[in-house]
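Structure first, commentary second.
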Amino acid sequence: MSTALRNSRKLTPPLLTISINTKQRIIRSYNQGHDDKEFVKVPAVINEQDDHKYEEDIKKRIISKALDFVPSKGWSVDALAQGAEAAGYPGVAHGLFPNGGGDLVHYFNVSCNERLVNEMKSWPKEELKGNKVPAQMIENAIISRLLMIEPYKSTWPKAMAIQTLPNNVPNCLATLLSLVDDICYHTGDRSVDFNWYVRRVGLAGIYKASELFYLTDNSQNCTSTRNFVKSRIRDAEFIQMALNMNPVAVAPQTLTAAFVTAKNILGMNTVK
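Sequential numbering of the sequence shown, starting at 0, is according to numbering that gives the first Met the number 0.
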């Protein structure tokens, strides 16, 4: 790449960056049939770190625009292509996302988790007594997170199916575990014992069950979903009480239940 390009700060046409190897990139100009008003300012690429950051910024712009097209195009490559064009890049820029719709779903989940954390930070803190589950705060967190799906509710079953594809499972599991860990932490859970695992796996099961229920809920203000979540949390409180009474005796059954729950979350318990 020439010194002139690296030092450039003027308005240039949108660029498509295509990875060649860890040391080299080809930057292809996309300028036919575009007006100056569509041009974006391109930062200088000084080293690999800056290059990577620039590419990630492009991805974020494209994928955030792509969400606008999900209601009509679904969680698909078409939505990514439309998002790329809306962001000022050629439609073929969807090639930056090797998992296609899976990357779109992952970005949405990560963004929603970050939004929820910011909300929970502003909530009044509840003083926990012993191992008591902060039921109301957990219920509020689950409902708040579910309602973030509302604009895409009609297409979310497809998104859930996409997440069970083998190449998308790692991201799906990572964002789910991040979600339940954030909820536990910001609702006051500071445990470092066996309960740390039980609560998080249990909460993951509650969230996924509530997510499925929410998709079929047509009640006003999602009243049925709220009642469903409340009931599942009450069940979790009973389990917590059993663990507190005899943790050693209950541990094997708890581990078995946790394993089955994890398989259900990943869609591994389907009949073959």
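For each residue, glycine too, the CB sits at the ideal point set by N, CA and C. Note that the structure is predicted; figures quoted are calculated from it, not measured.
The three-state reading of DSSP puts aspartate 216 in coil, since its state is none of H, G, I, E or B. The beta carbon of arginine 199 sits closer than 8 Å to those of Leu176, Val179, Asp180, Cys183, all from its chain and outside the five residues before and after it, given in chain order. Between the beta-carbon of threonine 224 and that of leucine 172 there is about 23 Å, and that puts the pair past the 8 Å contact cut.
Around threonine 174, the same chain offers His105, Asn108, Val109, Asn112 as residues with beta carbons nearer than 8 Å, after the five sequence neighbours per side are excluded.
Here isoleucine 161 is not near glycine 82, since their CB atoms are 8 Å or more apart. The C-alpha of glutamine 219 is placed about 15 Å away from the C-alpha of lysine 152.
Collapsing the DSSP output to three states places proline 165 in coil. Distances from the alpha-carbon of proline 150 to those of Phe68, Lys207, Leu202, Val197 put Phe68 closest.
Contact between tryptophan 74 and threonine 154 holds: their C-beta atoms lie close to 6 Å from each other, under 8 Å.
Distance from the Cα of histidine 51 is smallest, within the candidate group Arg114, Leu95, Leu66, Glu236, for Leu95.
For the pair isoleucine 141 and asparagine 167, the Cα-to-Cα distance works out to about 23 Å. Under the DSSP assignment, leucine 79 falls in the alpha helix (DSSP H) whose first and last residues are 76-85.
Beyond the five residues adjoining it in sequence on each side, arginine 60 comes within less than 6 Å, by CB distance, of Ala86 in the same chain, given in chain order. Within its own chain, the residues whose Cβ lies closer than 6 Å to the Cβ of asparagine 170, once the five positions on either side in sequence are excluded, are His105, listed in chain order.
If you look at valine 104, you'll find it in the alpha helix (DSSP H) that goes 100-120.
Residue range 134-146 is occupied by the alpha helix (DSSP H) that includes alanine 140. For phenylalanine 68, the secondary structure class from DSSP, reduced to helix, strand or coil, is helix. With a cutoff of 8 Å on beta-carbon distance, alanine 208 and arginine 233 are scored as not near each other.
Ranked by Cα distance from asparagine 117, the first of Ser143, Val76, Glu138, Ile57 is Ser143. By the Cβ-count criterion, leucine 103 is buried, with 16 or more other Cβ atoms from all chains shown falling within 10 Å of its own Cβ.
For methionine 159, the closest of Arg114, Asn139, Leu211 by C-alpha to C-alpha distance is Leu211.
Leaving aside the five residues that flank leucine 115 on each side, the residues in its chain whose CB is nearer than 8 Å to its CB run, in chain order, Ala140, Ser143, Arg144, Met147, Leu178, Asp181, Ile182. Separation of leucine 202 and proline 97 (C-alpha to C-alpha, rounded to the nearest whole angstrom) is 31 Å. By the neighbour-count definition (other C-beta atoms within 10 Å, threshold 16), lysine 64 is a buried residue. The three-state secondary structure of lysine 124, taken from DSSP, is coil.
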